[in-house]
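The next block holds one structure in the form of structure tokens; read it before the comments.
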Amino acid sequence: MFGVDSGASDEAEAAMITPERQVKQMMQELSKMNTKELPKVPGCEALTGSGAVLHGWKEVTSEFLENFAENDEEEKEPEKMVLEGVNEEGEVMPSQADAAEDEVYHTTEKEDRNISRKEHRFFQLTVKKGEWQALAEIELPRGYPKKAPSFTLKMLQEGARKTAPSFSLTSVDPNALAVVDAARKNGEATDNALRSIEEELNTHAAAEAAAAGCPASRLLIYQLWTLKHCFAIYIDVVTGQPLHALREHRGRDRRLPFLYNPDTHSLDQRA
Numbered sequence: 001m002f003g004v005d006s007g008a009s010d011e012a013e014a015a016m017i018t019p020e021r022q023v024k025q026m027m028q029e030l031s032k033m034n035t036k037e038l039p040k041v042p043g044c045e046a047l048t049g050s051g052a053v054l055h056g057w058k059e060v061t062s063e064f065l066e067n068f069a070e071n072d073e074e075e076k077e078p079e080k081m082v083l084e085g086v087n088e089e090g091e092v093m094p095s096q097a098d099a100a101e102d103e104v105y106h107t108t109e110k111e112d113r114n115i116s117r118k119e120h121r122f123f124q125l126t127v128k129k130g131e132w133q134a135l136a137e138i139e140l141p142r143g144y145p146k147k148a149p150s151f152t153l154k155m156l157q158e159g160a161r162k163t164a165p166s167f168s169l170t171s172v173d174p175n176a177l178a179v180v181d182a183a184r185k186n187g188e189a190t191d192n193a194l195r196s197i198e199e200e201l202n203t204h205a206a207a208e209a210a211a212a213g214c215p216a217s218r219l220l221i222y223q224l225w226t227l228k229h230c231f232a233i234y235i236d237v238v239t240g241q242p243l244h245a246l247r248e249h250r251g252r253d254r255r256l257p258f259l260y261n262p263d264t265h266s267l268d269q270r271a
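Residue 1 is where the sequence shown starts when you use the working numbering, and the numbers rise one by one after that.
Below, the structure is given as structure tokens:
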């Protein structure tokens, strides 16, 4: 008698798990994230940013749907035809009585988008490093994992930034320096950094997870690793911590070094 290959049996069993079951299992893992470390997935070892922690994972789908419904009610104002009689071209216009029967409500683009999202699930968590803390809102589409989750970030609390050098640069326009300093004080620099992290999560993470061999059903977990990685690097840059990178920023949009280069064992920006 030949024994059964347990490895092949496990693979066959895993292949039979439905996407719905895979999502359910993943949600069970994430519900324990407040007391346990984030589950590891292929590719997370290249996300070397350290020191950031995730906590407060919770589903907020009902709150989001209530907000959609409230916004829909506020925007619903039917278009009414109130003209009657004959216009300047001699055309007969409908009476108000006829118009009342022909009231037409046209949905807005925002409402159409909200309608399509009513079967989605929504989650929140916070990412923290030191005194810095941001809120992440996550939208899990109904078609997951064929459709990727999307992230929106908002800074909740800022800590101390590194002190700018006191020396003067004679070749730099003082007006330009003033504009940069004002943008930082107004929070524009923080907003730009959060938008760049969102780009990593919403635009690049899916392809990088697939290239690293991460199962499609675990994409959300890979994105959470990416969030920890990028937020940790951002905080290291703004607080002046040592960073294994050729440069802290690149280009006019001040791109941060989120990419790990295994050949140089350092971080770099996207081209």
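Just so you know, even glycine gets a beta-carbon here, dropped at the ideal spot from N, CA and C. The model shown is predicted, which means the values in this text are computed figures rather than measured ones.
What is the rounded straight-line gap between the Cα of residue i and the Cα of residue j?
| i | j | result |
| --- | --- | --- |
| L227 | T61 | 21 angstroms |
| L38 | F68 | 31 angstroms |
| P262 | A216 | 24 angstroms |
| L289 | A193 | What is shown of the chain runs 1 to 271, which leaves residue 289 out entirely. |
| H55 | A160 | 22 angstroms |
| T190 | Q223 | 20 angstroms |
| V41 | L219 | 9 angstroms |
| E20 | M27 | 11 angstroms |
| G143 | L135 | 24 angstroms |
| K24 | T264 | 39 angstroms |
| N127 | P242 | As written in the sequence, residue 127 is Val, which differs from the Asn given in the question. Spanning the two alpha carbons is a distance of roughly 21 angstroms. |
| L30 | E63 | 20 angstroms |
| A210 | K36 | 25 angstroms |
| T203 | Q22 | 23 angstroms |
| E70 | T18 | 35 angstroms |
Drop a sphere of 10 angstroms on the beta-carbon of residue i, count the other beta-carbons inside from all chains shown, and report buried for 16 or more, exposed for fewer.
| i | result |
| --- | --- |
| T139 | The question names Thr, but residue 139 is Glu in the sequence shown. The residue in question, E139, is buried, as its Cβ has 16 or more Cβ neighbours within 10 Å. |
| H229 | buried |
| T157 | This sequence places Gln at residue 157; Thr is not what is there. Q157 comes out exposed. |
| P149 | buried |
| G49 | buried |
| Q269 | buried |
| A271 | exposed |
| P145 | buried |
Between the Cα of residue i and the Cα atoms of the options, which residue gives the shortest distance?
| i | options | result |
| --- | --- | --- |
| M33 | C44, V53, G49 and M155 | V53 |
| M259 | L201, G130, I221 and A160 | Checking the sequence shown, residue 259 turns out to be Leu, not Met. Closest by alpha carbon: L201. |
| M155 | Y144, L125 and S266 | L125 |
| A46 | G213, Q241 and R142 | G213 |
| G43 | E208, E119, G240 and G51 | E208 |
| E137 | P145, K146, E198 and T35 | E198 |
| P141 | L153, A134 and H120 | H120 |
| L65 | K118, T35 and Q28 | K118 |
| T152 | R195, G143 and K162 | R195 |
For residue i, which residues in the same chain have their Cβ closer than 6 angstroms to its Cβ, ignoring the five residues on either side in sequence?
| i | result |
| --- | --- |
| I235 | K129 and W132 |
| P257 | A245, L267, D268 and Q269 |
Grab me the residues of residue i's own chain with a C-beta within less than 8 angstroms of its C-beta, minus the 5 sequence neighbours each way, in chain order.
| i | result |
| --- | --- |
| K58 | F123, Q124 and L125 |
| L205 | Correcting the residue type first, residue 205 is Ala in the shown sequence and not Leu. Contacts found: A148, L219, Y222, Q223 and T226. |
| A232 | G49, S50, G51, A52 and K129 |
| K162 | V238, T239 and G240 |
| R255 | S196, H249, Q269 and R270 |
I'd like to know whether the C-beta of residue i is nearer than 8 angstroms to at least one C-beta of chain B.
| i | result |
| --- | --- |
| P39 | Looking for chain B here will not work: only one protein chain is present. |
Under the criterion of a Cβ to heavy atom distance below 7 angstroms, does residue i qualify as lining the ligand ADP?
| i | result |
| --- | --- |
| A209 | Among the components modelled here there is no ligand, and therefore nothing to report on the ligand ADP. |
Those runs of the beta strand (DSSP E) which lie wholly inside the region 113-140 and span at least 3 residues:
121-129 and 132-140
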